[in-house]
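Residue numbering for the sequence shown follows our numbering, starting at 30 and increasing by one per position.
A virtual CB, placed ideally from N, CA and C, is assigned to each residue, including glycine.
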Amino acid sequence: MSHALDTLIYEVNISVPKDKGDEYLDWLRSFARNTCDRVDGFLSVNVFSQPKPAGLFWLSEEGCSKIYFTIHYTIQSQDHLEAYLQNEQPEIAKAEFERFHYLVTSRRVLKVLM
30 MSHALDTLIY EVNISVPKDK GDEYLDWLRS FARNTCDRVD GFLSVNVFSQ
80 PKPAGLFWLS EEGCSKIYFT IHYTIQSQDH LEAYLQNEQP EIAKAEFERF
130 HYLVTSRRVL KVLM
(Lines of atoms letter the chains of each structure in order from A and count residues from 1; the text may use other names and numbers.)
(Lines give C-alpha, C1' and ligand atoms only; values in the text may rest on other atoms or scores of the structure.)
Protein backbone atom coordinates (compact mmCIF):
# COMPACT_ATOMS: atom_id res chain seq x y z
CA MET A 1 0.00 0.00 0.00
CA SER A 2 1.47 3.35 -0.96
CA HIS A 3 0.29 6.83 -0.11
CA ALA A 4 1.06 10.17 -1.74
CA LEU A 5 3.70 12.28 -0.04
CA ASP A 6 2.39 14.66 2.60
CA THR A 7 -0.94 12.89 3.00
CA LEU A 8 -1.86 11.97 6.54
CA ILE A 9 -2.76 8.70 8.17
CA TYR A 10 -5.29 9.30 10.95
CA GLU A 11 -5.08 6.24 13.17
CA VAL A 12 -7.82 5.34 15.63
CA ASN A 13 -7.36 2.45 18.08
CA ILE A 14 -10.48 1.05 19.69
CA SER A 15 -11.08 -1.40 22.51
CA VAL A 16 -14.54 -2.99 22.41
CA PRO A 17 -16.15 -5.43 24.87
CA LYS A 18 -16.06 -8.90 23.28
CA ASP A 19 -19.83 -9.29 23.48
CA LYS A 20 -20.25 -6.19 21.28
CA GLY A 21 -17.41 -6.98 18.87
CA ASP A 22 -19.38 -8.42 15.94
CA GLU A 23 -22.03 -5.70 16.11
CA TYR A 24 -19.35 -3.02 16.34
CA LEU A 25 -17.38 -4.40 13.39
CA ASP A 26 -20.51 -4.48 11.21
CA TRP A 27 -21.23 -0.87 12.15
CA LEU A 28 -17.58 0.16 11.72
CA ARG A 29 -17.29 -1.22 8.19
CA SER A 30 -20.33 0.74 7.06
CA PHE A 31 -19.35 3.86 8.98
CA ALA A 32 -15.76 3.92 7.69
CA ARG A 33 -16.83 3.52 4.04
CA ASN A 34 -19.48 6.20 4.46
CA THR A 35 -16.99 8.58 6.08
CA CYS A 36 -14.65 8.31 3.08
CA ASP A 37 -17.54 8.86 0.69
CA ARG A 38 -18.93 11.95 2.37
CA VAL A 39 -16.10 13.76 4.22
CA ASP A 40 -14.02 16.05 2.05
CA GLY A 41 -10.36 15.05 1.97
CA PHE A 42 -10.84 11.49 3.26
CA LEU A 43 -9.26 9.39 0.52
CA SER A 44 -9.36 5.80 1.80
CA VAL A 45 -9.71 3.66 4.89
CA ASN A 46 -8.38 0.34 6.18
CA VAL A 47 -9.74 -1.48 9.22
CA PHE A 48 -7.52 -3.94 11.09
CA SER A 49 -8.02 -6.33 13.96
CA GLN A 50 -5.13 -6.63 16.33
CA PRO A 51 -4.07 -8.93 19.12
CA LYS A 52 -4.17 -7.51 22.61
CA PRO A 53 -1.63 -4.67 22.63
CA ALA A 54 1.42 -5.44 24.76
CA GLY A 55 3.13 -2.84 26.87
CA LEU A 56 0.22 -0.42 27.11
CA PHE A 57 -0.70 -0.28 30.79
CA TRP A 58 -4.20 1.08 30.29
CA LEU A 59 -5.01 -1.83 27.97
CA SER A 60 -3.13 -4.55 29.83
CA GLU A 61 -5.61 -4.31 32.71
CA GLU A 62 -8.47 -5.30 30.43
CA GLY A 63 -7.50 -8.96 30.40
CA CYS A 64 -9.22 -10.95 27.68
CA SER A 65 -12.54 -9.14 27.94
CA LYS A 66 -11.95 -6.90 24.91
CA ILE A 67 -11.18 -7.04 21.24
CA TYR A 68 -9.12 -4.42 19.46
CA PHE A 69 -9.45 -2.63 16.14
CA THR A 70 -7.19 -0.13 14.41
CA ILE A 71 -8.54 2.12 11.68
CA HIS A 72 -6.29 4.02 9.25
CA TYR A 73 -7.90 6.86 7.33
CA THR A 74 -5.79 8.38 4.56
CA ILE A 75 -6.49 12.11 4.52
CA GLN A 76 -5.46 14.65 1.93
CA SER A 77 -4.21 17.38 4.29
CA GLN A 78 -4.00 18.73 7.82
CA ASP A 79 -6.76 21.22 6.98
CA HIS A 80 -9.11 18.38 6.04
CA LEU A 81 -8.30 16.54 9.27
CA GLU A 82 -8.85 19.64 11.39
CA ALA A 83 -12.22 20.30 9.75
CA TYR A 84 -13.27 16.70 10.48
CA LEU A 85 -12.10 16.87 14.10
CA GLN A 86 -13.95 20.12 14.68
CA ASN A 87 -17.16 19.44 12.75
CA GLU A 88 -17.69 15.68 12.76
CA GLN A 89 -15.68 13.74 15.31
CA PRO A 90 -17.31 14.93 18.57
CA GLU A 91 -20.78 13.87 17.41
CA ILE A 92 -19.46 10.54 16.14
CA ALA A 93 -17.73 9.80 19.45
CA LYS A 94 -20.94 10.60 21.33
CA ALA A 95 -23.00 8.31 19.07
CA GLU A 96 -20.47 5.48 19.44
CA PHE A 97 -20.53 5.76 23.21
CA GLU A 98 -24.33 5.88 23.35
CA ARG A 99 -24.66 2.81 21.15
CA PHE A 100 -21.80 0.66 22.47
CA HIS A 101 -21.53 2.10 26.01
CA TYR A 102 -17.79 1.70 26.43
CA LEU A 103 -15.03 2.29 23.95
CA VAL A 104 -11.44 3.09 24.76
CA THR A 105 -9.75 4.95 21.96
CA SER A 106 -6.40 6.43 21.22
CA ARG A 107 -5.62 8.46 18.16
CA ARG A 108 -2.52 9.60 16.35
CA VAL A 109 -1.68 11.34 13.12
CA LEU A 110 1.14 10.19 10.86
CA LYS A 111 2.48 12.20 7.93
CA VAL A 112 3.63 10.24 4.86
CA LEU A 113 7.27 11.07 4.10
CA MET A 114 8.16 8.32 1.67
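**Request:** Run the CB neighbour count on glutamate 52, radius 10 Å, all protein chains shown included, and call it buried at 16 or more, exposed below.
**Result:** Translated into the one-based positions of the sequence shown, residue 52 becomes position 23. Counting C-beta atoms within 10 angstroms of its own C-beta, glutamate 52 has fewer than 16 neighbours from the protein chains shown and is therefore classed as exposed.
**Prompt:** So threonine 99 packs on asparagine 42, CB below 8 Å; how close in whole Å?
**Reply:** Numbered from 1 along the sequence shown, position 70 holds the residue referred to as residue 99. Numbered from 1 along the sequence shown, position 13 holds the residue referred to as residue 42. About 5 Å; that satisfies the 8 Å criterion.
**Asked** For histidine 101, which residues does DSSP report across the bridge?
**Response** The residue labelled residue 101 in the question sits at position 72 within the sequence shown. Note: histidine 101 sits in a beta bridge opposite Glu40, Asn75.
**Prompt:** Buried or exposed: where does alanine 61 fall if 16 or more other Cβ atoms within 10 Å of its Cβ makes it buried?
**Reply:** As a position in the sequence shown, residue 61 is number 32, starting the count at 1. Counting every other CB atom within 10 Å of its CB across the protein chains shown gives alanine 61 a total of 16 or more, marking it as buried.
**Asked** Does DSSP put proline 80 in a helix, a strand or coil?
**Response** Residue numbering aside, residue 80 sits at position 51 when the sequence shown is read from its first letter. DSSP, reduced to helix, strand and coil, places proline 80 outside both helices and strands of the structure shown, so it counts as coil.
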